[in-house]
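Numbering (this note's numbering), first residue to last: 66 to 244.
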């Protein structure tokens with residue numbers, strides 16, 4: 066595989082790995098942070114980490130998932146060292162997701178995307194960070210600039226809403242038939 070080439074310090078293999086994965090990583094990271102410079106830095110940090118320790122991939126999963134795990138944690142680390150995490154998300158509060166984002170969610174995640182689309186933007190951000198991106202509650206809290214307890218509560222509520230769509234609508238609850 067390419068990682069074996071990278072482990073052998075093959076620049077061609079490293080270049081090919083970068084060309085295959087940097088684009089989609091940048092797009093996904095940009096959906097989490099609107100600062101292009103931070104995203105670019107996180108991508109660079111990701112591939113530096115791969116170059117330094119290509120054998121960190123245990124081989125028990127998909128290389129893309131391994132790279133995503135490195136990339137999202139590098140972004141969180143960059144956001145953490147920045148003066149204001151909230152600045153990275155400025156302008157997104159109270160804004161409805163674009164139609165393109167809704168289509169991407171349904172295409173990228175299928176039925177899960179449709180369930181995510183039913184959630185509030187806050188719930189969707191927490192579910193994406195914790196469930197889809199694999200972040201811990203603490204990492205998600207730092208990324209989203211909310212308390213850890215909020216991530217846990219919002220996450221549990223969001224998962225319940227996705228699992229039981231009628232839970233979001235109290236009017237859909239009907240009393241038991243007693244006749």
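Glycine included, each C-beta is placed from N, C-alpha and C at the ideal position.
Would you grab the beta carbon distance between residue 140 and residue 107 for me? Rounded to a whole angstrom, and I think it's under 8 Å. 4 Å
Given a cut-off of 8 Å, decide if residue 91 and residue 71 are closer than it, judged by their beta-carbon atoms. no
Secondary structure of residue 102, DSSP reduced to three states: helix
Would you kindly work out how many angstroms separate the C-alpha atoms of residue 87 and residue 212, rounded to a whole number? 31 Å
By alpha-carbon positions, which one of 110, 100, 143 and 129 ends up nearest to residue 82? 129
Status (buried if at least 16 other CB within 10 Å, exposed otherwise) for residue 76: exposed
Taking the alpha-carbon positions, what's the residue 68 to residue 138 distance? 20 Å
Can the beta-carbon of residue 191 be found closer than 8 Å to that of residue 205? yes
Among 210, 220 and 136, which residue has its Cα nearest to the Cα of residue 184? 220
Exposed or buried, which one is residue 111 when buried takes at least 16 other CB atoms within 10 Å? buried
In terms of residues, what are the limits of the alpha helix (DSSP H) holding residue 70? 67–72
Using the Cβ count rule (16 or more neighbours within 10 Å means buried), how would you classify residue 218? exposed
Residue 100 burial status per 10 Å Cβ neighbour count (16 or more: buried): buried
Residue 113 - DSSP class collapsed to helix/strand/coil: helix
Which residue comes first and which comes last in the alpha helix (DSSP H) that contains residue 184? Per DSSP, residue 184 belongs to no alpha helix (DSSP H) and is neither H nor E.
Beta carbon of residue 193 nearer than 8 Å to that of residue 145: no
Applying the criterion that 16 or more other CB atoms from any shown protein chain within 10 Å of the CB defines a buried residue, is residue 80 buried or exposed? exposed
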